[in-house]
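This is how it looks when you write it as structure tokens:
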């Protein structure tokens, strides 16, 4: 991140204070290349939700940021569906069955948290053979 900060400081010194619309072009030219897209896409695809390891809010927001960066024209509904696919099986079904096409990100996060805390769907599965293994 230091290189990005140095790049920003150098550009700001050269061009002074500019609006966000001006900054978008140099940022896209510098950072939004094929390698960056590949890294973001790989990070999105490898980040599966596990209720034992992470909280729903930061995970969902990070996934949403990744998709929005990759596909800026994608609808909110499709973004939410792609993120829910990363939850997998029973958790995906439980959240989808409680939401509508008009559901907001906040609503989906609340439902995701509710389902994982009340039902433990999305948690790591316990191997019952080792749990109840008697000597």
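Numbering (this note's numbering), first residue to last: -7 to 127.
Where is the CB? At the ideal position from N, CA and C, for every residue including glycine.
1. What does the alpha-carbon distance come out to for the pair residue 61 and residue 32?
2. Is residue 46 helix, strand or coil when you go by DSSP?
3. Residue 107 and residue 76: beta carbons closer than 8 angstroms?
4. Compute the beta-carbon to beta-carbon distance between residue 69 and residue 104, rounded to the nearest angstrom, for a pair I have assumed lies under 8 angstroms.
5. According to the neighbour-count rule (16 or more other Cβ atoms, all chains shown, within 10 Å of its Cβ), is residue 30 buried or exposed?
6. If you scan the stretch 19 to 45 from start to end, which runs of the alpha helix (DSSP H) of 4 or more residues do you find wholly inside it?
7. Going by DSSP in three states, residue 71 sits in which element: helix, strand or coil?
8. Could you check the C-alpha separation between residue 72 and residue 80 for me, to the nearest Å?
9. At the level of alpha carbons, what is the spacing between residue 36 and residue 111?
10. From residue 26 to residue 11, what does the alpha carbon distance come to, in whole angstroms?
11. Quick one: is residue 5 buried, meaning 16 or more other Cβ sit within 10 Å of its Cβ, or exposed?
12. List, from N- to C-terminal side, the alpha helix (DSSP H) runs of 4 residues or more that fit wholly inside the stretch 56 to 111.
Result, derived from the coordinates:
1. Whole-angstrom Cα-Cα distance: 8 angstroms.
2. coil
3. Against a cut-off of 8 angstroms, the Cβ pair of residue 76 and residue 107 comes out as no contact.
4. The Cβ separation is near 16 angstroms, so there is no contact.
5. Residue 30 counts as exposed, since fewer than 16 other beta carbons sit within 10 angstroms of its beta carbon.
6. 26 to 38
7. helix
8. Computed Cα separation, rounded: 13 angstroms.
9. Those two C-alpha atoms are separated by around 25 angstroms.
10. 26 angstroms
11. Looking at its Cβ environment, which holds fewer than 16 other Cβ atoms inside 10 Å, residue 5 is exposed.
12. 68 to 77, 81 to 88, 97 to 111
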